[in-house]
Amino acid sequence: MSTSPLRLDEDKKNELRGFYGSVWVVETDDGDEVAFRKPTPQEYRRFKATALDENKRMHADENLARDVIVFPDPKSDEFKQLFERLPALPTSLSKAILKAAGYIDGLEARKL
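According to my numbering, the sequence shown is numbered sequentially starting from 955.
1) List the DSSP bridge partners of Glu987.
2) Does the separation of the CB atoms of Leu1019 and Leu1047 fall below 8 Å?
3) Would you mind stating whether Glu987 and Leu962 have Cβ atoms separated by less than 8 Å?
4) Relative to the C-alpha of Thr994, which candidate in Lys1065, Arg1064, Ile1058 and Ile1051 has its C-alpha closest?
5) Tell me the DSSP bridge mates of Phe1025?
Encoded structure:
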């Protein structure tokens, strides 16, 4: 059974921007849009602590995604179905979320 992709309309985009300020959107290969906000320092620290804990590491990406995704609503059936349909999505999203939070892959330092 095929479902329609989750899409943000202009009203929802404006609502999210008005409430959260900066919001980022990614699109899956299936055309679903996922919107997220930048993590707070506390959310980032929790992500790092979970990622470094051998027993909890596998949950770090999904927990971070649940903390910052603003569309679809993480408590909705659409969200649950999206993560069931695309189980690796939290891993991909975590890279985009970390970039929004200031992570720069390959950042180079130079001596002054």
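Cβ coordinates follow ideal geometry from the N, Cα and C atoms, glycine included.
Here the structure is a predicted model, which is why all the values come from computation and not from measurement.
On the basis of the coordinates in this document:
1) Glu981
2) In the sequence as presented, Leu is not what sits at residue 1019; that position holds Ala. It is a contact, given that the beta carbons lie within the stated cut-off.
3) yes
4) Ile1051
5) Ala989
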